[in-house]
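Enquirer:
There are 4 protein chains.
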Amino acid sequence: MKLLKGIMPPIATPFINDELALDRLERNFLKWNKTDLSGYVVMGSNGESVFLQRHEKLKLVEAAKKYMSSEKLLIAGTGSDSIKETIALSNDCAERGADFVLVLTPSFYKSEMKPSAYIKYFNAVADNIKVPLIIYNVPKFTGVDIEAETVAKLAEHKNIIGMKNSSENVRQTTEIIDQTPNDFVTIIGTASVLYPGIAAGASGGILALANIAPDECVQIQKLTEAGKHKEAVELQKRMLPVNKAVTAKYGVAGLKAAMEMTGYFGGEPRSPLSSLNNNDKENLKQILINAGLIS
Amino acid sequence: MKLLKGIMPPIATPFINDELALDRLERNFLKWNKTDLSGYVVMGSNGESVFLQRHEKLKLVEAAKKYMSSEKLLIAGTGSDSIKETIALSNDCAERGADFVLVLTPSFYKSEMKPSAYIKYFNAVADNIKVPLIIYNVPKFTGVDIEAETVAKLAEHKNIIGMKNSSENVRQTTEIIDQTPNDFVTIIGTASVLYPGIAAGASGGILALANIAPDECVQIQKLTEAGKHKEAVELQKRMLPVNKAVTAKYGVAGLKAAMEMTGYFGGEPRSPLSSLNNNDKENLKQILINAGLIS
Amino acid sequence: MKLLKGIMPPIATPFINDELALDRLERNFLKWNKTDLSGYVVMGSNGESVFLQRHEKLKLVEAAKKYMSSEKLLIAGTGSDSIKETIALSNDCAERGADFVLVLTPSFYKSEMKPSAYIKYFNAVADNIKVPLIIYNVPKFTGVDIEAETVAKLAEHKNIIGMKNSSENVRQTTEIIDQTPNDFVTIIGTASVLYPGIAAGASGGILALANIAPDECVQIQKLTEAGKHKEAVELQKRMLPVNKAVTAKYGVAGLKAAMEMTGYFGGEPRSPLSSLNNNDKENLKQILINAGLIS
Amino acid sequence: MKLLKGIMPPIATPFINDELALDRLERNFLKWNKTDLSGYVVMGSNGESVFLQRHEKLKLVEAAKKYMSSEKLLIAGTGSDSIKETIALSNDCAERGADFVLVLTPSFYKSEMKPSAYIKYFNAVADNIKVPLIIYNVPKFTGVDIEAETVAKLAEHKNIIGMKNSSENVRQTTEIIDQTPNDFVTIIGTASVLYPGIAAGASGGILALANIAPDECVQIQKLTEAGKHKEAVELQKRMLPVNKAVTAKYGVAGLKAAMEMTGYFGGEPRSPLSSLNNNDKENLKQILINAGLIS
Chain A
107 MKLLKGIMPP IATPFINDEL ALDRLERNFL KWNKTDLSGY VVMGSNGESV FLQRHEKLKL
167 VEAAKKYMSS EKLLIAGTGS DSIKETIALS NDCAERGADF VLVLTPSFYK SEMKPSAYIK
227 YFNAVADNIK VPLIIYNVPK FTGVDIEAET VAKLAEHKNI IGMKNSSENV RQTTEIIDQT
287 PNDFVTIIGT ASVLYPGIAA GASGGILALA NIAPDECVQI QKLTEAGKHK EAVELQKRML
347 PVNKAVTAKY GVAGLKAAME MTGYFGGEPR SPLSSLNNND KENLKQILIN AGLIS
Chain B
107 MKLLKGIMPP IATPFINDEL ALDRLERNFL KWNKTDLSGY VVMGSNGESV FLQRHEKLKL
167 VEAAKKYMSS EKLLIAGTGS DSIKETIALS NDCAERGADF VLVLTPSFYK SEMKPSAYIK
227 YFNAVADNIK VPLIIYNVPK FTGVDIEAET VAKLAEHKNI IGMKNSSENV RQTTEIIDQT
287 PNDFVTIIGT ASVLYPGIAA GASGGILALA NIAPDECVQI QKLTEAGKHK EAVELQKRML
347 PVNKAVTAKY GVAGLKAAME MTGYFGGEPR SPLSSLNNND KENLKQILIN AGLIS
Chain C
107 MKLLKGIMPP IATPFINDEL ALDRLERNFL KWNKTDLSGY VVMGSNGESV FLQRHEKLKL
167 VEAAKKYMSS EKLLIAGTGS DSIKETIALS NDCAERGADF VLVLTPSFYK SEMKPSAYIK
227 YFNAVADNIK VPLIIYNVPK FTGVDIEAET VAKLAEHKNI IGMKNSSENV RQTTEIIDQT
287 PNDFVTIIGT ASVLYPGIAA GASGGILALA NIAPDECVQI QKLTEAGKHK EAVELQKRML
347 PVNKAVTAKY GVAGLKAAME MTGYFGGEPR SPLSSLNNND KENLKQILIN AGLIS
Chain D
107 MKLLKGIMPP IATPFINDEL ALDRLERNFL KWNKTDLSGY VVMGSNGESV FLQRHEKLKL
167 VEAAKKYMSS EKLLIAGTGS DSIKETIALS NDCAERGADF VLVLTPSFYK SEMKPSAYIK
227 YFNAVADNIK VPLIIYNVPK FTGVDIEAET VAKLAEHKNI IGMKNSSENV RQTTEIIDQT
287 PNDFVTIIGT ASVLYPGIAA GASGGILALA NIAPDECVQI QKLTEAGKHK EAVELQKRML
347 PVNKAVTAKY GVAGLKAAME MTGYFGGEPR SPLSSLNNND KENLKQILIN AGLIS
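Protein chains in written order, with the working numbering: chain A, 107 to 401; chain B, 107 to 401; chain C, 107 to 401; chain D, 107 to 401.
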């Protein structure tokens, strides 16, 4: 098994006129492959996975595999509420080269999503897939949250090897690190708390921001792990407004516009999302300039 | 087009050992067909639609079509965040006999689900499907809500013919009735507010409770429309504890247990949901007895 | 004890330059006294009670008592998290002429506000005050909610005689009516669900809207109780946009601006609230015109 | 002005039979005074401030002043929605020896609590009080949150000298540190994120946990500031279960029970809160043992 560590972007999925435009990934991967990114995530939240049909998802895995540097990791987001479908899609992605699958917490029946439901769900999926499973917690999109105690129980399964926590809750992340074995991998899911997460012992980050600022994200981790906390905090602060712009403030449309401004193919988000208007684009550009990402 | 009106159950989907057991629907439809229910919904929230794979959904439509009385309506729940998949699934269901499709509000990117996103989404789906579309709003599961003003704009599309509102918000339902044309159909989505919804002018209800108490649900509508408000309120009050038990309190597991107690096949919810424990079953039974549904 | 029934406005508190201007109440009461309003509430949520110092509250009670018609009811909002202070303030208001006190659910320690806490709180207050207590539930401001089962237990106390429910949840209101004795008074707390609340058996309403449209609010109750449901629904629909404008949309500032437009003294909300800007005032005026409240 | 820095407990307020028992503070202060705590907060959230009458609050300030070591700081929680009352109470506390006041964000009209309202509120209070003001943000109790941009604007007022952030949101805390001048004091309000907060540049903590584990809290700050991050993280992890027990899990009742177990006077929370049952006390004791706070 490849070592799961470091910074990975949940890559933006390219569309032209609302149709997949996978060839546009080539340019992006050419740039990303040269960085110290440790791998890539396809069908993450920022990849507009929920707007893809099943056959499109498989094509996306194949395209990523084709363009990515072979020594880097490939993680596929495959989770849905259906255990059967999650297993089937995970195995289809594994056959196409995914090294790991990132499996969202089930969430439709919110009040029923108690620890026992998570344990049934993740164990059933992990029992039946050919690659290791990473739990994916993202309360702002799912409306549910998974407690450290539940993660600790799931960590006992040999095929559940880590968790991506996209909650900004550093307390929860610290609890997970504390309550799981040393070889369980905790991954920060939002650059807004990358520094405190790494400082608390997380192994890396899957970060929308890494689509446009891979070097800066990698650097925050390296500085922290080298004990250079003050410099890490300064870089974290410099990235905060950028990260907010490409996530909470402007969403996927903001991320894609920022990719266009930083030399990547971004394109437009898929319908029903809308592109940024010119005013928002101007604000975004200024934020990138202020952070020194463009001039 | 068949007239969309009256009470319909979002039918529970039968499983045995976590596998679809569609033949068990026969007994249930035999009973339901004899009532004044106006139709059926497959793949509703209470039908555990999120736990079904695509091919299972199509089999479910076929099974319902096979067992149901031909003069009743068939509505299929087909919505997901993906416009393309929603169109494809809707048309596949229409080919198998669905008279209408019930399309959930997209909800993953919650903060992006502004009126403009709903308008793009529903118009795009409605433009491309072969049967009329009913908007489905269920904030407790999706974490998003759609305003009456947005519904009013969508009602201008000739293929968007109604809305199921599963919010308990009667103010919102009244606004929708007020702001849409007379031929736009507003359907109450939870028996907890069936009486006030019908009194405000709604055309019917798609109600989990109608799986086990079809006659009582039909009666609440009939009494209200006949001006017998006091009797309607009394029946509404009698049904409140039952409805709470098979929805908010015990969820799908409670609905299925109640079906077993009232002469239907219920079976167990699909994993990761769990069946009721014996104590909860006992409480549920007492609630059904108190309401006069069983003795 | 006076009969608690009918429509009452939680009166807006007049300020000039952020100071109490109680003499301005005279004009308002002259108009209200001529209507079929059954009484008045001072220090309600819409009365900016939280911005008043203790001595100002007592002056407000005295002013209301001075200007109001003696055959109408006076209710004072006196609740805070402190049991001792709630008792003290309630008795001070009773001495100044309040017929009832309206006591907000305690809410600061939200996760601790379980049924047992509500029961301790309200029984302790009710035991020690000289006038009857009305429970006040307003989740949008307090962030907590009280279940019908808890209200039913509190209704056993002979000095807890009713509840104002400002939640729009008609299901909950119906449950409260169903689970409490016939002489327990359920009062609708928001005009947005006045019709369905009265239809379900509520005894009246304490409604921001009644500050500016007392006759229409009274009429909705009368029509409903006379069995003229269709006319009641039509009037309810006509009032919905107005009610939204003076509550959810524009808040207290909107209510006060609407009072100015309808012949009452409104004035400005107290700091830190702000008055409406001109654009919002223009919108508000149009809403009042559309509803036929002004021409 | 005294230097605002370091760890301070929001002290638990002692009650016996629901009455203030201020003499019981003597024992607690004797222990606390010997530690490196930099000061004390009275009428904080954990001090059950909302259950105190005004005259009780003033007595509490006097009692703290009497028992506390004179070189330590005294901060009084004085905020309420009323600007006038907040000013009056703040000045009354200042006269009795409070060095600073801690002023809660106003919160009743949640949807109106926009940046402009906070700016009006805090500037008006700061203009009229005799001691410096610390903004107090605690979303879990108030249901509102204040953005870094707003805090940055308020930091321009010379009498607004810091903020206590009791949100666990480390991203927000980092933004506040980044956007305010170097002499603006950011204080962590929950021990659950003490380490990441100090690592990001916060000046100290006002922490429920500091009531029972003052040395450990002080040590986390010292280790972090000395660059001993690994040891700080280990101590942070060891304290997490204890902190959860005396806040989110068992609330004020848990804090008071833990005080009894660690040699302080705790007593019972004031009604309507309830003491822990024996089972919860046993669990709590085990948590304290596991963390090495008692044996």
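C-beta: ideal position from N, C-alpha, C; glycine also.
Mind listing the chain D neighbours of Glu-218 of chain C? Cutoff is C-beta to C-beta under 7 Å, in chain order.
Expert: One-based indexing of the third sequence puts residue 218 of chain C at position 112. What Glu-218 of chain C touches in chain D: Gly-357, Leu-379.
Enquirer: How many Å lie between Glu-262 of chain C and Glu-366 of chain B at the Cα?
Expert: By 1-based counting over the third sequence, the position of residue 262 of chain C is 156. By 1-based counting over the second sequence, the position of residue 366 of chain B is 260. Approximately 37 Å, taken between the alpha carbons.
Enquirer: Mark Leu-382 of chain B as exposed unless 16 or more other C-beta atoms lie within 10 angstroms of its C-beta, in which case mark it buried.
Expert: Here residue 382 of chain B is taken as the residue at index 276 of the second sequence, counted from 1. Buried, by the Cβ-count rule.
Enquirer: Alpha helix (DSSP H) containing Ala-305 of chain A: first to last residue?
Expert: Within the first sequence, residue 305 of chain A is the residue found at index 199, counting from 1. From DSSP, the alpha helix (DSSP H) with Ala-305 of chain A extends over 300-305.
Enquirer: Pick out whichever of A:Ile-235, A:Ala-314, A:Ile-122, A:Phe-214 has its Cα sitting closest to the Cα of Asp-436 of chain A.
Expert: What the structure shows of chain A is the stretch from 107 to 401, and residue 436 of chain A is not part of that stretch, so it cannot be assessed.
Enquirer: Should Ala-232 of chain A go down as buried or exposed, given a rule of 16 or more other Cβ atoms within 10 Å for buried?
Expert: Taking the first residue of the first sequence as 1, we reach residue 232 of chain A at position 126. Counting Cβ neighbours within 10 Å, Ala-232 of chain A comes out buried, since at least 16 surround it.
Enquirer: Kindly indicate which three-state DSSP category Gly-153 of chain B falls into: helix, strand or coil?
Expert: Mapped onto the second sequence, residue 153 of chain B falls at position 47. The answer is helix: DSSP assigns Gly-153 of chain B an H, G or I state.
Enquirer: Taking the alpha-carbon positions, what's the Ile-113 of chain B to Gln-278 of chain B distance?
Expert: The sequence position of residue 113 of chain B within the second sequence is 7, counting from 1. The sequence position of residue 278 of chain B within the second sequence is 172, counting from 1. Looking at the two C-alpha atoms, the distance is approximately 20 Å.
Enquirer: Have a look at the DSSP bridge pairing and note the partners of Ala-182 of chain A.
Expert: Position 76 of the first sequence, counted from the start, is the residue given in the question as residue 182 of chain A. Paired residue(s): A:Val-148, A:Val-207.
Enquirer: What's the call for Ile-267 of chain C, buried or exposed, on a 16-neighbour Cβ count within 10 Å?
Expert: For the purposes of this step, residue 267 of chain C is taken as residue 161 along the third sequence, with counting starting at 1. It is buried - the Cβ of Ile-267 of chain C has at least 16 other Cβ atoms within 10 Å.
Enquirer: From the beta carbon of Asp-284 of chain C, is the nearest beta carbon of chain B less than 9 Å away?
Expert: Your numbering for residue 284 of chain C matches position 178 in the third sequence. So, interface residue.
Enquirer: Closer than 7 Å, Cβ to Cβ, to anything on chain D: give me those residues from the region 265-299 of chain A, in chain order.
Expert: Hits within the stretch, in order: Glu-274, Asn-275, Val-276, Arg-277, Thr-280, Glu-281, Asp-284, Ser-298, Val-299.
Enquirer: Check the Cβ of Val-302 of chain A against every Cβ in chain D and list those closer than 7 Å, keeping chain order.
Expert: Here the question's residue 302 of chain A lines up with position 196 in the first sequence. Reading the sequence as shown, one finds Pro at residue 302 of chain A and not Val. Those are Val-276, Pro-302, Ala-305, Ala-306, listed as they occur along chain D.
Enquirer: For Ser-144 of chain C, I'd like the list of residues in its chain whose CB is within less than 7 Å of its CB, leaving aside the five on either flank, ordered along the chain.
Expert: As a working note, residue 144 of chain C is residue 38 in the third sequence. Counting only Cβ-Cβ distances below 7 Å, and skipping sequence neighbours, we find Lys-111, Gly-112, Ile-113, Met-114, Lys-178, Leu-179, Gly-310.
Enquirer: In the DSSP output, what is Asn-275 of chain D paired with across the bridge?
Expert: Working through the fourth sequence from its first residue, we reach residue 275 of chain D at position 169. BP columns for Asn-275 of chain D point to A:Asn-275.
Enquirer: Between which two residues does the beta strand (DSSP E) containing Ile-252 of chain D stretch?
Expert: One-based indexing of the fourth sequence puts residue 252 of chain D at position 146. No beta strand (DSSP E) holds Ile-252 of chain D; DSSP gives it neither H nor E.
Enquirer: Are Ile-225 of chain C and Lys-171 of chain C closer than 9 Å when you measure CB to CB?
Expert: The residue you call residue 225 of chain C lines up with position 119 of the third sequence. The residue you call residue 171 of chain C lines up with position 65 of the third sequence. No; because the gap between Cβ atoms is not below 9 Å, this pair is not in contact.
Enquirer: Let me see if you follow: with CB-CB separation under 9 Å, is Asp-187 of chain C close to chain D or not?
Expert: Walking along the third sequence from the start, residue 187 of chain C turns up at place 81. Closer than 9 Å to some Cβ of chain D, the Cβ of Asp-187 of chain C qualifies, so yes.
Enquirer: Helix, strand or coil for Tyr-215 of chain C? Go by DSSP, reduced to three states.
Expert: In the third sequence, residue 215 of chain C corresponds to position 109, counting from 1. DSSP places Tyr-215 of chain C in coil when its eight states are reduced to three.
Enquirer: Would you verify that the beta carbon of Pro-238 of chain D is, or is not, closer than 9 Å to some beta carbon of chain C?
Expert: Mapped onto the fourth sequence, residue 238 of chain D falls at position 132. It does not; no Cβ of chain C falls within 9 Å.
Enquirer: How is the alpha helix (DSSP H) around Asn-396 of chain A delimited, first residue to last?
Expert: Working through the first sequence from its first residue, we reach residue 396 of chain A at position 290. Run containing Asn-396 of chain A: 384-396, per the alpha helix (DSSP H) assignment.
Enquirer: For Gly-249 of chain D, would you say it is in contact with chain C, using Cβ-to-Cβ distances shorter than 9 Å as the test?
Expert: Locating residue 249 of chain D in the fourth sequence gives position 143, counting from the first residue. So yes, Gly-249 of chain D belongs to the interface.
Enquirer: May I ask you to report which of helix, strand or coil DSSP gives Phe-54 of chain D?
Expert: What the structure shows of chain D is the stretch from 107 to 401, and residue 54 of chain D is not part of that stretch, so it cannot be assessed.
Enquirer: Say yes only if the C-beta of Gly-112 of chain B is nearer than 8 Å to one or more non-hydrogen atoms of the ligand MN, and no if none qualify.
Expert: As far as ligands go, the structure on display features none, and thus does not contain the ligand MN.
Enquirer: Nearest to Val-348 of chain A by CA position, among A:Ala-316, A:Ile-304, A:Ala-332, A:Pro-302, is which residue?
Expert: Within the first sequence, numbered from 1, the residue matching residue 348 of chain A stands at position 242. When only C-alpha atoms are compared, the closest one is A:Ala-316.
Enquirer: Quick check on Leu-379 of chain C: does DSSP put it in helix, strand or coil?
Expert: Your numbering for residue 379 of chain C matches position 273 in the third sequence. Note: Leu-379 of chain C maps to coil in three-state DSSP.
Enquirer: By Cβ distance below 6 Å, which residues in the same chain neighbour Gln-285 of chain A in space, the five residues on each side in sequence not counted?
Expert: Along the first sequence, read from residue 1 onward, the residue named residue 285 of chain A stands at position 179. The residues are Ala-254, Ala-258.
Enquirer: Considering only the beta carbon of each residue, do Pro-245 of chain B and Asp-205 of chain B sit closer than 9 Å?
Expert: Your numbering for residue 245 of chain B matches position 139 in the second sequence. Your numbering for residue 205 of chain B matches position 99 in the second sequence. Cβ atoms of Pro-245 of chain B and Asp-205 of chain B: not closer than 9 Å.
Enquirer: Are the region 297-311 of chain A and the region 324-342 of chain D touching by the rule of at least three beta carbon pairs closer than 8 Å?
Expert: With a cut-off of 8 Å, the region 324-342 of chain D and the region 297-311 of chain A count as touching, because enough Cβ pairs lie within range.
Enquirer: How about Glu-168 of chain A and Arg-376 of chain A: do their beta carbons lie closer than 9 Å?
Expert: In the first sequence, counting from the first residue as 1, residue 168 of chain A sits at position 62. In the first sequence, counting from the first residue as 1, residue 376 of chain A sits at position 270. No, the Cβ-Cβ distance between Glu-168 of chain A and Arg-376 of chain A is not below 9 Å.
Enquirer: I'd like the list of long-range same chain contacts for Ile-400 of chain D, defined as Cβ closer than 7 Å, with 5 residues on each side in sequence excluded.
Expert: Looking up residue 400 of chain D in the fourth sequence gives position 294. Excluding positions up to five away in sequence, the list reads Met-367, Thr-368, Leu-394.
Enquirer: For my contact list, Leu-379 of chain D and Ala-354 of chain D are in at a C-beta cut-off of 8 Å; report their separation, rounded to the angstrom.
Expert: As a first step, residue 379 of chain D must be located in the fourth sequence, where it is residue number 273. As a first step, residue 354 of chain D must be located in the fourth sequence, where it is residue number 248. Not really, about 15 Å apart at Cβ, beyond 8 Å.
Enquirer: Would you tell me roughly how many angstroms separate the C-alpha atoms of Pro-221 of chain A and Ala-230 of chain A, rounded to the nearest one?
Expert: For the purposes of this step, residue 221 of chain A is taken as residue 115 along the first sequence, with counting starting at 1. For the purposes of this step, residue 230 of chain A is taken as residue 124 along the first sequence, with counting starting at 1. Using only the alpha carbons, I get a separation of about 14 Å.
Enquirer: Any beta carbon from chain D within less than 9 Å of Leu-158 of chain C's own beta carbon?
Expert: Numbered from 1 along the third sequence, position 52 holds the residue referred to as residue 158 of chain C. Yes, its Cβ sits closer than 9 Å to a Cβ of chain D.
Enquirer: Just curious, the alpha helix (DSSP H) that Asn-243 of chain D is in, first and last residue?
Expert: Taking the first residue of the fourth sequence as position 1, residue 243 of chain D is located at position 137. From DSSP, Asn-243 of chain D is part of no alpha helix (DSSP H) but of the beta strand (DSSP E) over 239-243.
Enquirer: Do Leu-361 of chain A and Asn-152 of chain A have their C-beta atoms within less than 9 Å of each other?
Expert: Translated into positions along the first sequence, residue 361 of chain A becomes position 255. Translated into positions along the first sequence, residue 152 of chain A becomes position 46. Yes; because the gap between Cβ atoms is below 9 Å, this pair is in contact.
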